[in-house]
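Have a look at the structure below before the remarks.
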Amino acid sequence: MAVVPDLSVLLPARNAADTITRAVSSTLAAMPRDAELVVGNDSSCDSTVGEAIRGASRGGVVDPRLRIEEITPGEGGVSRVLTQLMERTDSRLVGRMDADDVSLKGRFKRAMRAIERGDDMVFTQMIELRGARPVPRVPYEITPEDMGWHLLLTNPVCHPTMLATREIIDSVGGYRAVPAEDYDLWLRVGAVGGRIRRLAAWGLLYRIHPGQVTGNASWRADSWRNPEQARAFADLSVALTGRELPRLVSLLSLPRDRAERKLDRFVQVYTQGVASRPASSRRVLERRLNARAAWVRSHLQGEQS
Numbered sequence: 171m172a173v174v175p176d177l178s179v180l181l182p183a184r185n186a187a188d189t190i191t192r193a194v195s196s197t198l199a200a201m202p203r204d205a206e207l208v209v210g211n212d213s214s215c216d217s218t219v220g221e222a223i224r225g226a227s228r229g230g231v232v233d234p235r236l237r238i239e240e241i242t243p244g245e246g247g248v249s250r251v252l253t254q255l256m257e258r259t260d261s262r263l264v265g266r267m268d269a270d271d272v273s274l275k276g277r278f279k280r281a282m283r284a285i286e287r288g289d290d291m292v293f294t295q296m297i298e299l300r301g302a303r304p305v306p307r308v309p310y311e312i313t314p315e316d317m318g319w320h321l322l323l324t325n326p327v328c329h330p331t332m333l334a335t336r337e338i339i340d341s342v343g344g345y346r347a348v349p350a351e352d353y354d355l356w357l358r359v360g361a362v363g364g365r366i367r368r369l370a371a372w373g374l375l376y377r378i379h380p381g382q383v384t385g386n387a388s389w390r391a392d393s394w395r396n397p398e399q400a401r402a403f404a405d406l407s408v409a410l411t412g413r414e415l416p417r418l419v420s421l422l423s424l425p426r427d428r429a430e431r432k433l434d435r436f437v438q439v440y441t442q443g444v445a446s447r448p449a450s451s452r453r454v455l456e457r458r459l460n461a462r463a464a465w466v467r468s469h470l471q472g473e474q475s
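Each residue of the sequence shown is one higher than the one before, starting from 171 at the first, in my numbering.
Printed below as a string of structure tokens:
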């Protein structure tokens, strides 16, 4: 009977032959021994599988921690791949990686320490890779006590830096077939009181390129209008403030007068909610609230009344 590893790192891949070699080699180098890297090959037409194996090979020997899973085709995009990989693994901890990024050493060790101290879901900060130019994100930690408030403004974490307990993911129903399957999951975990932390340390080189789904205007519009994500957002807002609030980006589809009223209410409720946070946290949250509200106002429909 095969021994179940403590950690499974899930890596969806589709036609990723150009980048997956380094993604695999860097992730295996960063992983503990009691772990597996599970590549979900989603009907690739190129040499993705061969390049993944090459990334795991040293001196002609393939690292036994690599596992390749052929994904059943269908609807749902990356959420379909992740759901199948969750079903085909049984580890206590679940990590994430993308086929075009690079893991940095120490990322899993730091995240696992936070999990052992009681967190349910942990992320690291990232360094954006814009062509050959690295752009480090500010190494600022977000604690579980503040994470929910950040999630009401935007998604402050990077999916391929995640490490979480399988228990917390399963407890909210896992990944769903929605446009922003990652943000949707964080919202639901936050709404049930899950402890989500972003470490200040950099753990990933995150490649920025024109073909990314999250840079697509149609994808963003679908995400902003999705009723399941709106419900998850509302549930988190009720858990934090006692009030049901709309996603700020959803206001962009409303007539300006109505959107302004809803935005003013959001700002009022949010400001009251964070008033009890420590001064350092409150200042950061209020600054980000003001910046987000200003962005929404600048993009509202129609003329100022």
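Glycine included, every Cβ here is placed at the ideal spot set by N, Cα and C.
Boundaries (first-last residue) of the alpha helix (DSSP H) holding threonine 197: Within the sequence shown, numbered from 1, the residue matching residue 197 stands at position 27. 190-200 is the span of the alpha helix (DSSP H), which, as asked, contains threonine 197.
Pair within 8 Å by beta-carbon distance, glycine 210 and leucine 180: Start at 1 with the first residue of the sequence shown, and residue 210 comes out as number 40. Start at 1 with the first residue of the sequence shown, and residue 180 comes out as number 10. Closer than 8 Å, so yes.
Straight-line gap, glutamine 474 to leucine 424 (C-alpha atoms, nearest Å): One-based indexing of the sequence shown puts residue 474 at position 304. One-based indexing of the sequence shown puts residue 424 at position 254. Note that glutamine 474 scores 49 on pLDDT, short of 50, meaning its location in the model is unreliable and no value can be drawn from it.
First through last residue of the alpha helix (DSSP H) which encompasses alanine 370: By one-based count along the sequence shown, residue 370 stands at place 200. First-last for alanine 370: 366-378, but that is the beta strand (DSSP E), not the alpha helix (DSSP H).
Start and end residues, beta strand (DSSP E) containing valine 248: For the purposes of this step, residue 248 is taken as residue 78 along the sequence shown, with counting starting at 1. Run containing valine 248: none in the beta strand (DSSP E); it sits in the alpha helix (DSSP H), 247-257.
Beta-carbon contacts of arginine 192 that lie in its chain and below 8 Å, excluding the five residues immediately before and after: Taking the first residue of the sequence shown as position 1, residue 192 is located at position 22. Cβ within range, chain order: Gly225 and Val272.
Three or more C-beta pairs below 8 Å linking the region 388-402 and the region 429-445: no
Continuous alpha helix (DSSP H) assignments of at least 4 residues falling wholly in the region 326-367: 336-341 and 351-361
Coil, strand or helix - serine 273 by DSSP: In the sequence shown, the residue the question calls residue 273 occupies position 103. The answer is strand: DSSP assigns serine 273 an E or B state.
Beta-carbon gap between isoleucine 378 and arginine 431 smaller than 8 Å: The count along the sequence shown starts at 1 and reaches residue 378 at position 208. The count along the sequence shown starts at 1 and reaches residue 431 at position 261. No, they are not a contact pair.
Of the listed residues Leu207, Thr197 and Val219, nearest to arginine 184 (C-alpha basis): If you number the sequence shown from 1, residue 184 lands on position 14. Nearest of Leu207, Thr197 and Val219 to arginine 184, Cα basis: Val219.
Alanine 183 - partner residues in DSSP beta bridges: As a first step, residue 183 must be located in the sequence shown, where it is residue number 13. According to DSSP, alanine 183 bridges with Asn211.
Proximity to valine 342 [Cα-Cα], best of Ala350, Val359 and Leu333: Position 172 of the sequence shown, counted from the start, is the residue given in the question as residue 342. The shortest C-alpha separation from valine 342 is found at Val359.
Every unbroken alpha helix (DSSP H) within the region 292-325, with a cutoff of 4 residues, ordered by chain: 314-321
Terminal residues of the alpha helix (DSSP H) in which glutamate 398 lies: Residue 398 sits at position 228 when you count from the first residue of the sequence shown. It spans 397-411 - the alpha helix (DSSP H) in which glutamate 398 sits, taken as one unbroken run.
Short Cβ contact (8 Å threshold) for threonine 324 with leucine 374: Position 154 of the sequence shown, counting from 1, holds the residue named residue 324. Position 204 of the sequence shown, counting from 1, holds the residue named residue 374. No, the pair does not count as a contact, with Cβ atoms beyond the cut-off.
Own chain residues within Cβ distance below 6 Å of valine 348, not counting five before or after: Counting from one through the sequence shown, the residue named residue 348 turns up at place 178. Around valine 348: Asp354, Asn396, Glu398 and Gln399.
Between the CA atoms of aspartate 427 and arginine 277 - distance to the nearest angstrom: By 1-based counting over the sequence shown, the position of residue 277 is 107. By 1-based counting over the sequence shown, the position of residue 427 is 257. Spanning the two alpha carbons is a distance of roughly 46 Å.
Check whether alanine 404 and leucine 418 have beta carbons under 8 Å apart: By 1-based counting over the sequence shown, the position of residue 404 is 234. By 1-based counting over the sequence shown, the position of residue 418 is 248. No, the Cβ-Cβ distance between alanine 404 and leucine 418 is not below 8 Å.
Buried versus exposed call for glutamate 240 [16 or more other C-beta atoms within 10 Å across all chains shown]: Stepping through the sequence shown from its first residue, residue 240 is reached at position 70. Glutamate 240 should be labelled exposed.
Cut-off 7 Å between Cβ atoms - residues of its own chain near glycine 244, not counting five sequence neighbours on either side: The residue labelled residue 244 in the question sits at position 74 within the sequence shown. Only Arg250 meet the Cβ criterion.
N-terminal and C-terminal residue of the beta strand (DSSP E) that alanine 236 is part of: What you label residue 236 is simply residue 66 of the sequence shown in a count that begins at 1. It is worth fixing the name first, because residue 236 is leucine in this sequence and not alanine. Counting along the chain, the beta strand (DSSP E) containing leucine 236 begins and ends at 236-240.
Cα-Cα separation, isoleucine 366 to methionine 317: Stepping through the sequence shown from its first residue, residue 366 is reached at position 196. Stepping through the sequence shown from its first residue, residue 317 is reached at position 147. Between isoleucine 366 and methionine 317, the C-alpha separation is close to 6 Å.
Assumed close pair alanine 302, valine 292 - CB separation to whole angstroms, cut-off 8 Å: Within the sequence shown, residue 302 is the residue found at index 132, counting from 1. Within the sequence shown, residue 292 is the residue found at index 122, counting from 1. That belief does not hold up - the Cβ atoms of alanine 302 and valine 292 are roughly 29 Å apart, past 8 Å.
Own chain, CB closer than 8 Å to leucine 177, minus 5 neighbours either side, in chain order: Taking the sequence shown and counting its residues from 1, one reaches residue 177 at position 7. Around leucine 177: Met201, Pro202, Asp204, Ala205, Glu206, Ser261, Arg262, Leu263, Val264, Gly265, Phe278, Met282 and Leu333.
Local conformation of valine 173 per DSSP, three classes: Mapped onto the sequence shown, residue 173 falls at position 3. Correct three-state label for valine 173: coil.
Classification of alanine 370 by the beta-carbon crowding that lies within 10 angstroms, buried from 16 upward: Counted from its first residue, the sequence shown places residue 370 at position 200. Flag for alanine 370 reads exposed.
Unbroken beta strand (DSSP E) run spanning valine 264, endpoints: In the sequence shown, residue 264 corresponds to position 94, counting from 1. Note, valine 264: beta strand (DSSP E), 263-266.
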